[in-house]
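Asker:
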Amino acid sequence: MSQSRGNRTPFDEIYDQPDPRAYFSTLGRYGYRTPHHAQPVFRRLLAERAKSGRVTVLDLCCSYGINAALLNHDLTFDDLHAHYASPGVAELGTAELIERDKDFYAARRRADAVPVVGLDIAAPAIDYAVSVGLLDAGFTENLEAASASPAFLRAAASTNLITVTGGISFLSARTFHQLLQAAAEPVWVAAFVLRTGTYRPIADALAEHGLVTEVAVDRTFEQRRFTDPEEQRYAIAAVEAAGADPAGKETEGGYHTALHLSRPPQHLATPHGSFVWPGS
213 MSQSRGNRTP FDEIYDQPDP RAYFSTLGRY GYRTPHHAQP VFRRLLAERA KSGRVTVLDL
273 CCSYGINAAL LNHDLTFDDL HAHYASPGVA ELGTAELIER DKDFYAARRR ADAVPVVGLD
333 IAAPAIDYAV SVGLLDAGFT ENLEAASASP AFLRAAASTN LITVTGGISF LSARTFHQLL
393 QAAAEPVWVA AFVLRTGTYR PIADALAEHG LVTEVAVDRT FEQRRFTDPE EQRYAIAAVE
453 AAGADPAGKE TEGGYHTALH LSRPPQHLAT PHGSFVWPGS
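Quick note, our numbering runs 212 ahead of the 1-based positions in the sequence shown.
Written out as structure tokens, the structure is:
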């Protein structure tokens, strides 16, 4: 999901393709890595959530189901990049690629795979992710502009882990109010948030539903390299305006994200609004 924000370079066209080859080739030029960083974090959260029962994931701004691929399959982000950049895949039509990818993902499916529901406004990306079996259900609804459909609310009702790696800049409290109202059990929300903006309005909305938001304090996660000096100047200024220090991060040439985790108070590991990942 890509839209213009400030002086950030938009990548809208890569989400309107019928398969993810342009996604990997375009973002790969800038070293995009957020799903790579998210994979061990989300798997750790799944393991924690699974201690209380079955887990269903709702991945927001899910595009081609990349997070679902990394959650539920014995694959790394580099594996996916190599797969979609390989000469054999490059020569295929989309219909042929879909058939090949059904087998590709089925052969690597983990025994502990969990249901994943995807939400994104990019219909081609959702169609692909559902067609190859990455998403158990996919929806193209824009909850920022309209109320959720009954079908989506039914699918989202069993969600107890919401993940976001690339869309917080395009979301507001409106979306999260609808999601939390639909949930039938306590939900955790894990979001990688660009340091150029603020998560506060969303954290406040989650607080209205009883969730406490903590921020990982031990590290940030590089999202991708800047496309040009103008984008870097914009990012440095935005990070400073948000009250953070860009030194050693955005000043070194790339966007960075911070991990935010929201949970019910009884599920908190720390009481003071920040946490350090064990072994990170």
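C-beta atoms are modelled at their ideal positions from N, C-alpha and C, and glycine is treated no differently.
Quick caveat, the model's predicted, so the values are computed rather than measured.
1. Run through the stretch 288-332 for me and flag every whole alpha helix (DSSP H) of 4 or more residues, listed as ranges in chain order.
2. Could you tell me how far apart the beta carbons of Val424 and Leu480 are, in whole angstroms, since I believe they sit closer than 8 Å?
3. What residue range does the beta strand (DSSP E) around Phe223 cover?
4. Let me make sure I understand the geometry here. Which of Ser275, Gly455, Ala297, Leu282 has the alpha-carbon closest to that of Val253?
5. Verify whether the separation of the beta carbon atoms of Tyr495 and Arg241 is less than 9 Å.
6. Quick one: residues in its chain with C-beta nearer than 8 Å to the C-beta of Ala318, no 5 flanking neighbours on either side, listed in chain order?
7. Between the stretch 385-401 and the stretch 356-365, do three or more beta carbon pairs fall short of 8 Å?
8. In chain order, which continuous runs of the beta strand (DSSP E) of length 3 or greater are located wholly inside the stretch 330-411?
9. For Gly422, which residues from the same chain have a beta carbon less than 6 Å from its beta carbon, with the 5 sequence-adjacent residues on both sides left out?
10. Whole angstroms is fine: what's the gap from Met213's alpha carbon to Val329's?
11. Could you name the residues that DSSP lists as bridge partners for Ser474?
12. How would you call Ser216, buried or exposed, if buried means at least 16 neighbouring beta carbons within 10 angstroms?
13. From what residue to what residue does the alpha helix (DSSP H) around Ala253 run?
14. Just to confirm the assignment, what range does the beta strand (DSSP E) spanning Val269 have?
15. Residues bridged to Glu434 by DSSP?
16. Applying the criterion that 16 or more other CB atoms from any shown protein chain within 10 Å of the CB defines a buried residue, is Ser492 buried or exposed?
17. Could you tell me which residues DSSP pairs with His479 in its beta bridges?
18. Measuring only the C-alpha atoms, how far is Phe438 from Asn372?
19. For Asp290 and Ala234, I'd like the C-alpha separation in whole angstroms.
20. Of the choices Asp348, Gly455, Ala280, Ile278, whose alpha-carbon is the least far from that of Arg412?
21. Could you tell me the boundaries of the alpha helix (DSSP H) in which Glu462 lies?
22. Could you check whether Arg245 and Arg436 sit closer than 9 Å to each other, using their CB atoms as the reference points?
23. Between the alpha carbons of Glu426 and Phe364, how many angstroms are there, rounded?
24. So, at 7 Å on beta carbons, what are the nonlocal neighbours of Asp348 in its own chain, with the 5 sequence-adjacent residues on each side left out?
25. Residue range of the alpha helix (DSSP H) that Ala450 falls in?
26. By Cβ distance below 6 Å, which residues in the same chain neighbour Tyr340 in space, the five residues on each side in sequence not counted?
Answerer: In short:
1. 289-297, 299-302, 306-318
2. 6 Å
3. Careful: Phe223 lies outside any beta strand (DSSP E) and carries neither H nor E.
4. Leu282
5. In the structure as shown, the chain begins at 213 and stops at 492. Residue 495 is therefore absent and cannot be evaluated.
6. Gly345
7. yes
8. Qualifying beta strand (DSSP E) stretches, in chain order: 349-351, 373-376, 400-406.
9. Pro476
10. Below a pLDDT of 50, predicted positions are generally treated as unreliable, and Met213, at 35, falls in that range; no measurement from the model is reported.
11. Val401, Thr425
12. Because the pLDDT of Ser216 is 38, which lies under 50, any placement of that residue in the model is unreliable, and the number read from its coordinates should be weighed accordingly. Counting Cβ neighbours within 10 Å, Ser216 comes out exposed, since fewer than 16 surround it.
13. The amino acid at residue 253 is misidentified as Ala; the sequence shows Val. Its alpha helix (DSSP H) spans residues 246-262.
14. Start and end: 269-272.
15. His468
16. Only weak support is given to the placement of Ser492: the predicted model assigns it a pLDDT of 43, under 50, and the value that follows is read from those uncertain coordinates. With fewer than 16 Cβ atoms within 10 Å of its Cβ, Ser492 is classed as exposed.
17. Paired residues: none, contrary to the question.
18. 34 Å
19. Asp290 and Ala234: Cα-Cα distance of roughly 15 Å.
20. Gly455
21. Careful: Glu462 lies outside any alpha helix (DSSP H) and carries neither H nor E.
22. Between Arg436 and Arg245, the C-beta gap is smaller than 9 Å, which places the two residues in contact.
23. 28 Å
24. Pro327, Val328, Val329
25. Following the DSSP letters along the chain, one finds Ala450 inside the alpha helix (DSSP H) bounded by residues 441-453.
26. Asp231, Tyr276
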